[in-house]
Each structure stands twice: as C-alpha cells, then as structure tokens.
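Everything below concerns the one structure shown next.
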Amino acid sequence: MSNWDRSNSELITDQDSLTVPAGETTQPSSAFVLPPSFQAHGFHIGNVAIDFPVVQAALSGYSDWPMRVIARRLGAAYTLGEVLLDKFIVQVSKGSKARRYIRTSNEEHPVGAQLMGADPEGFPPAALKLAEAGFDIIDLNFGCPVKKVLGRCCGGFLLSTPRAALEIVGRVRDVLPPHIPLTVKMRRGLDDSQESLDNFFAIFDGAFRLGAAAITVHGRTVRQRYDGPSTWNFLREVKQHAGSRIILGSGDLFTAEDCLNMLIQTGVDGVTAARGAIGNPWIFRQARALAAGQPAEHPSLAEQREVMLEHYRLAEVTYGHHRTSAHMRKFGILGSRMHPRMKEVREDFVAVKTRDQWHAVVEKWYCG
Ligand SMILES: Cc1cc2nc3c(=O)[nH]c(=O)nc-3n(C[C@H](O)[C@H](O)[C@H](O)COP(=O)(O)O)c2cc1C
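In our numbering, the protein residues as written are 15 to 382.
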C-alpha cells in the first residue's frame, strides 16, 4: 500500500459504522403500498440531470469505481465516490497507482467526487483536479465523524466553524468552471445544542447563497456517529425551510422501501443509499420498481453470483491481483445478508484470504 492510500482511507474509514441490519430487512415487505399522491421525480443538481431520486451515497472504503459502475448498471441515478483528502488529490500524478481513486468512465455519468480538508486554500486546486478527471459534480464533506478526522479539523468539525466552512464553499465555487455544480454534505449538527442548530442553518443558507447547487443532510449529529436513528423529522423541516432548493436525505436507508418512505415522509428531492447499498446494489432497481407500483424482485442466487463476479473483475482491474481479495471480502461479508443461508455464507467469506478462496465461496453458495 502506498503512503497515499494509507493517508486517505485509513484516516477516514469508520469501521465502527458498519452495522447493516441483517437478513429479512434487506427486502422490501410485500405490504408496501405507494400513496396514490406520490410520484417519484428526477431532479437537477445545477445543470446535471438525475433521472430518479434514489442515488448511491459516498462511502469511504466502498464507493470506488467498481462499486459505482455496478450501482449504475442496477439503476442508481447518480453515484458519489468515497471522500478524498484535498492534499492527497493534488499529489496524484499521471500514471501513479493513486490515480485509480479519481478514475471515471463513460458509463458511470453522472458521477460526483467528494473532498475533505481543513484549509480553505487546500480545496480549490483539489476540486479543479477532480473536475478535470471527469467528475460531473464536486461535493464537500462537512459531516465525517471519525475521531482522527475531527482532530484534524476536517469533516464534521467544520460544522462548528461556519466561517471556515463557508470560506471553503466560496473558494471552491469561485474556482470551478460554471458547468460543474458544487454540493455539500452535512450532518444535522455537531450535537443537539442550540448553537449547533444555529451553525447548521448558517452553513446551510450560506452555502446556497454562495452558489451550492444541492445539500445532502444526514439526520444524525456528529457526536451521535451511527448510534440511534437518523432524525427524518429534521429532514422534513429542512426541506420545508429550503423550498425549491435541492435537498438529498441520508440515514437509515436499508431497503428500497426505506428509500421511498424517506421521499414520501420528508419531501426531500433525493435520497442517498449508503450502508443499505453495500452488498445490495439491487436496492436501486428495487426502488425503481416500487416507485412504478411494481413488486421489488429479490435477485436470484444466479444473478447475485453474476454481479459479484463482475464486481470482482472490475475491482481486479482497479487494484490488481493482490489487493482485490481483501477488498472484495468486505462486499462478500455484507452481501451475505441477501442469501437465505446468510450465517454460513458470512462465515465462509470471513475466512477468505485469497482470490481462489473468494471464488470458491461464490461457487459453493451461489450456484443455485
Ligand atoms: C463505511 C462508511 C463510509 C462512509 N463514508 C462516507 C464518505 O466517504 N463520505 C460521506 O459523506 N459519508 C460517508 N458515510 C456516511 C454515509 O454516506 C451515510 O450518510 C450514512 O451511512 C447514513 O446512512 P445509512 O444510515 O443509510 O447508512 C460513510 C458511512 C459508512 C458506514
């Protein structure tokens, strides 16, 4: 692993957050009924058209090029790459291995890249580089709750310093070409205090005033990390406050049904599937089916096998032979919740150390 890799993903990835409800909760219940008044609409982020309101969230350690391509093929209307540190982005040179972190391809548009940093001067050159690399939208992370990130005054820390957060928004907006929209991802505050709420709205309104095209709100506080529910009522209030400004919601979207329920209950323009999409890229296809009044089909084992093998192939193109089995082990473990024999499949993936072992688990459990 290069220094670049270590600095980016080890700093940011929050392993404690990886609790995905298991088993039956991956499937929308057959009782789901769409309210007659509800219609799923696409929306625009700046000039970028998003054709359906369920999109793939930014996920450090996961939403890389292979995951995004798979999500798009299965119906994600837009995908966001994992958060990237500004100072490392500017160091990525042509031909370096780190280039894989800013890879885009024709079939995945529209695709966004997300930036994190502390220094308002560090963001603009990194944002420009991501735009030049082919990302359609640049997103700023003001939400990451990882201790080391907060200690470096990045991510969720910026929710406590509206002036710095807005300086970052303004500087990045100034430097990006007008056709590249800038967006922001925020948690609902640092904590539950009034000061935190005031800071949230100072940043929220200020960012739109400075030209942000959309804001994604995760309904948990930074202090809350992943404990307790995401407050959807807060998302509803934020959307009412925002009026026609574009808001995406985040938090507790584990099934396609959850995605539609958030749209229905909060009125946000779009929702960002995060943990619910790891190992379950079918969530996007299922959401499209439910929105069309059709049943959300669970993928057959044969289809799960085909998609898993393709995901592995794309990951191997990206990371090479040696790193891929460890990377794809994570997807196998979390994807096992889609399998009727979840516990045994999960145990087998946990034991995987090599490429051959990973493929043997797939052949053992997914051949129908
Ligand atoms: C492993 C993991 C990595 C994440 N990485 C990012 C990230 O890079 N950028 C970001 O804005 N949010 C990140 N998040 C937060 C998610 O995008 C999302 O807001 C959060 O998980 C709440 O949604 P959920 O409850 O439906 O999972 C991450 C979450 C997890 C679990």
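The C-beta atom is built at its ideal place from N, Cα and C for all residues, glycine as well.
Query raised in the report: Run through DSSP, which three-state label would R201 get?
Result: strand
**Report entry** heavy atom of ligand 1 below 8 Å from C381 C-beta
**Finding:** no
**Report entry** Sub-9 Å separation of G334 and W372 beta-carbons
**Finding:** no
Query raised in the report: Taking the C-alpha atoms as reference points, what is the distance between L302 and K143?
Result: In the sequence as displayed, the identity of residue 302 is Arg instead of Leu. For R302 and K143, the distance between alpha carbons rounds to 33 Å.
Requested in this report: Measure the Cβ-Cβ separation of G265 and L249 and say whether it is below 9 Å.
Outcome: yes
Query raised in the report: What separation, rounded to the nearest whole angstrom, lies between the Cα atoms of G37 and G109?
Result: Here the model assigns G37 a pLDDT of 41, short of 50, so the residue's position is not dependable, and the following value carries that caveat. Straight-line Cα distance between these residues: approximately 42 Å.
Query raised in the report: Thinking just about the alpha-carbon of each residue, which of H325, T93 and V198 is nearest to the one in S339?
Result: H325
Requested in this report: Report buried or exposed for G263, applying the criterion of at least 16 other Cβ atoms within 10 angstroms of its Cβ.
Outcome: buried
Query - Own chain partners of G60 with C-beta closer than 7 Å, once the 5 adjacent residues on each side are dropped - result: P195 and A227
Report task. Check the DSSP bridge columns for S264 and list the partner residues they point to. Result -> H232
Query raised in the report: Heavy atom of ligand 1 less than 8 Å from the Cβ of A72, yes or no?
Result: yes
**Report entry** Close beta carbons around G56, own chain, < 6 Å, minus the five adjacent residues each side
**Finding:** I64, D65 and F66
Query - beta strand (DSSP E) segment containing F57, residue limits - result: F57 to I59
Query - Buried/exposed call for V368, threshold 16 Cβ in 10 Å - result: The residue asked about is misnamed: residue 368 is Thr in this sequence, not Val. Exposed is the call here.
Requested in this report: Tell me, please, whether the stretch 359–366 touches the stretch 110–125 by the rule of three or more beta-carbon pairs shorter than 8 Å.
Outcome: no
Requested in this report: Ignore the nearest five residues each way along the sequence and tell me which others in A54's own chain have a CB closer than 6 Å to its CB.
Outcome: P67 and A305
Report task. Go to E96, then tell me how far its beta strand (DSSP E) extends in each direction, as first and last residue. Result -> T93 to L99
Report task. Would you list the one or two residues that DSSP bridges to I64? Result -> F57
Query raised in the report: In three-state DSSP terms, what is L249?
Result: helix
Query - H58 classed as buried or exposed, judged by whether at least 16 other C-beta atoms fall within 10 angstroms - result: exposed
**Report entry** Helix, strand or coil at F156 according to DSSP, with G and I counted as helix
**Finding:** strand
Query raised in the report: By a C-beta neighbour count over all protein chains shown, 10 Å radius and 16 as the cutoff for buried, is H336 buried or exposed?
Result: exposed
Report task. Give the DSSP-derived three-state secondary structure of G284 in the structure shown. Result -> strand
Requested in this report: Quick one: residues in its chain with C-beta nearer than 7 Å to the C-beta of D283, no 5 flanking neighbours on either side, listed in chain order?
Outcome: F57, P67, I260, I261 and L262
Query - Sequence-distant residues of its chain with Cβ nearer than 7 Å to V104 (five each side left out) - result: P139, A140 and K143
Query raised in the report: With burial defined as no fewer than 16 other Cβ atoms inside 10 Å of the residue's Cβ, what is the status of K253: buried or exposed?
Result: buried
Report task. Within 10 angstroms of the Cβ of S350, are there 16 or more other Cβ atoms? Answer buried if so, exposed if not. Result -> buried
Report task. May I ask you to verify whether the stretch 75–89 touches the stretch 268–277, counting CB pairs closer than 8 Å and requiring at least 3? Result -> no
**Report entry** Extent of the continuous beta strand (DSSP E) to which Q128 belongs
**Finding:** V125 to M130
Report task. Provide the residue span of the alpha helix (DSSP H) that contains Y333, from first to last. Result -> L315 to G349
Query raised in the report: How about E271: is its Cβ closer than 8 Å to a heavy atom in ligand 1?
Result: no
Report task. Within the same chain, show all residues whose beta-carbon is closer than 6 Å to that of I217, passing over the 5 residues directly before and after it, in chain order. Result -> P176 and A179
Query - N- and C-terminal bounds of the alpha helix (DSSP H) containing G220 - result: Q208 to R223
Query raised in the report: Does the distance from the C-beta atom of V186 to that of L129 stay below 9 Å?
Result: yes
**Report entry** In DSSP terms, what I151 is bridged to
**Finding:** G126
Query raised in the report: Would you report the Cα separation of V376 and C167, rounded to the nearest angstrom?
Result: 42 Å
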